[in-house]
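Report on the following structure.
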RNA sequence: GGUACCGUGGCCGAGUGAUUAGGCAGAGCUCUGCAAAAGCUCGUACAGCGGUUUGAAUCCGCUCGGUACCUCCA
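In this note's numbering, the protein residues as written are 71 to 567.
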């Protein structure tokens, strides 16, 4: 059973084989920190966090590089070249670096809320200007870039004559060149399809660095080529990012890196997550339909009926295969919230179950077999291009069995020796280690737990005296505080927030 | 306009030739002082029209509808 991934480059599922056995290099395009992260950003970083975790689970030593884009891009190519970050900085009267730091910190905070592991390296574009300039120089030396008025452009037409430009994004070069004719304001470029490697900075531009071509700033795509090869080598295993980055960003990265590394394809496997949509439309600044992560967590947005816990979002994203769109709605998130609660409560109950002392063959061999099969399929589903949705579906099939064991509808003896232990181990592994789900509970707090024990004891006493007025007062009072008491079948009481 | 992709029960979503996906919501029942939770049972869906096939949500064609990329974008 081997891992298969859908490679956007070949448009098919392929067996995953790292270039160096045992080691995996993975580069994922990070955020542009010129503004606050929104729900759309949650998808790639949760998706690739699970990929990262799963690869490690498979025993690979993974170097996970995710950049922070903190140097400006062009607002709208074809019009005036505007550095996105410097424009915003003027509006907010902030230093560019101050702005970038603010949003970088906010981004990292959000990643922590989602319980995403930190990447091995999180390089910034501004920290790698030297490497980018070096790379541009190499491309010029190789004859695939030209200078015009202090800017440097990549010669796409020349590149396309020798290499398959457009293969990743399924673009036909001739079509792209044809649109050249009726385009204006692009005098500097030889062809419309050319893209900037270096942009001369206009006088009022705040972010600027000295270069062989004068003061300016790097083009959008060069940072990822420079940083990925610096930390992962000229050929590495996985390159990930959102589907919207396929063109032009990833296509251009490939072109730059191919020239610098003499024809080597920079990454073997190109993984692209699909978009999060809202009312069927991609969430994005240009659509004016973004929900920022801070708004999502606080519920402070006209479109939101309530606040959503980061784990609810993580769970909802994992319930969808990463290559499908996920259509956001309050209903969808609330469904995820309840589903996660049920799953997690079963998981916690599972941890408290004990296997019988004496090992006996399964009294219900069919059930025992089903439990084992459902668990075994976790790996198979995940190996099929990270189908987290199917793994979760299987977990939900285990929930009634676990709850049955807890309530003693299902006698423990129905399961064969070792099955319960395996189930406990597998659920912990998958839910927490691989899927990265984590539920902070007040039960972890010893002091609070003690207080709860006391209240539950008092209520129990009242109930035994049929003093339901008091028992209901305790339960309702706690309920008003958001703590729910549940009377269990065996006379015990459980509670949750 | 070009290039891809998608259209699954009230909602979200798996699924690429024959299986009940799964979740949420809804209905009934059981347990229970009541409640909540839990358990059991219930929906036979796959845009439309043709075709291929013993058999199609799944393959092919057409129609309709939608989305994404072609410009910054996760």
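Just so you know, even glycine gets a beta-carbon here, dropped at the ideal spot from N, CA and C.
Under DSSP, the beta strand (DSSP E) around residue 134 begins and ends at which residues? 131 to 136
query = Which residue from 386, 116 and 507 puts its Cα closest to that of residue 415?
reply = 507
For residue 486 and residue 424, the rounded distance between their alpha carbons:
13 Å
Checklist entry - So residue 239 packs on residue 316, CB below 8 Å; how close in whole Å? => result 4 Å
Look at the alpha carbon of residue 265 and the alpha carbon of residue 139, and state the distance between them as a whole number of angstroms. If I take the Cα positions, the gap works out to 18 Å.
- Task: Could you tell me if residue 560 is buried or exposed, where buried requires 16 or more neighbouring beta carbons within 10 angstroms of its beta carbon?
- Result: exposed
- Out of 207, 450 and 360, which has the shortest C-alpha to C-alpha gap to residue 350? 360
>> If contacts are defined as beta-carbon pairs under 8 Å, then residue 457 and residue 391 qualify, I think. What distance do you get, rounded to the angstrom?
In response: 6 Å
Run through the DSSP bridge pairs and tell me what residue 460 is partnered with.
None, per the DSSP bridge assignment.
| request: Work out the CA separation of residue 219 and residue 72 for me, nearest whole Å. | output: The alpha-carbon atoms of residue 72 and residue 219 are separated by roughly 52 Å.
With a threshold of 6 Å on Cβ separation, who are the neighbours of residue 217 within its own chain once the five nearest residues in sequence on each side are excluded? 283
Review point. Roughly how many angstroms lie between the CA atoms of residue 133 and residue 482, to the nearest whole one?
Key: 43 Å
For the beta strand (DSSP E) containing residue 77, name the first residue and the last one. 74 to 77
message: Going by DSSP, what residue range makes up the alpha helix (DSSP H) through residue 310?
response: Counting along the chain, residue 310 falls outside any alpha helix (DSSP H), though it belongs to the beta strand (DSSP E) covering 306 to 312.
| task | Excluding the 5 residues preceding and the 5 following residue 22 in the sequence, name in chain order all residues of the same chain whose CB lies nearer than 7 Å to its CB. | result | Lying before the first or after the last residue shown, residue 22 is absent from the chain, which here runs from 71 to 567.
Secondary structure at residue 61, three-state DSSP: helix, strand or coil? Residue 61 lies beyond the range of the chain shown here (71 to 567); nothing can be said about it.
**Asked** Going straight from the alpha carbon of residue 142 to that of residue 277, what length do you get?
**Response** 8 Å
- May I have the straight-line CA-CA distance separating residue 400 from residue 406, to the nearest angstrom? 10 Å
On the premise that residue 289 lies in contact with residue 270, defined as a C-beta separation below 8 Å, what is that separation, rounded to the nearest angstrom? Actually they do not touch by this definition, with Cβ atoms about 11 Å apart.
| request: Could you name the residues of the same chain whose beta carbon sits closer than 6 Å to that of residue 529, not counting the 5 residues immediately before and after it, in chain order? | output: Excluding residues within five positions, the ones whose Cβ falls inside 6 Å are 541 and 544.
Less than 7 Å between the C-beta atoms of residue 119 and residue 186, yes or no? Yes, Cβ-Cβ distance for residue 119 and residue 186 is below 7 Å.
Check: Does the distance from the C-beta atom of residue 324 to that of residue 96 stay below 7 Å?
Finding: Contact: no.
query = In this structure, does DSSP put residue 254 in helix, strand or coil?
reply = Residue confidence is low: residue 254 scores 40 on pLDDT, short of 50, so the model does not pin down where it sits. No coordinate-derived value is stated.
| request: Provide the residue span of the beta strand (DSSP E) that contains residue 98, from first to last. | output: 93 to 98
Inspect the beta-carbon positions of residue 562 and residue 353 and report whether they are closer than 7 Å.
-> no
TODO: Go ahead and pull the three-state DSSP assignment for residue 564.
DONE: strand
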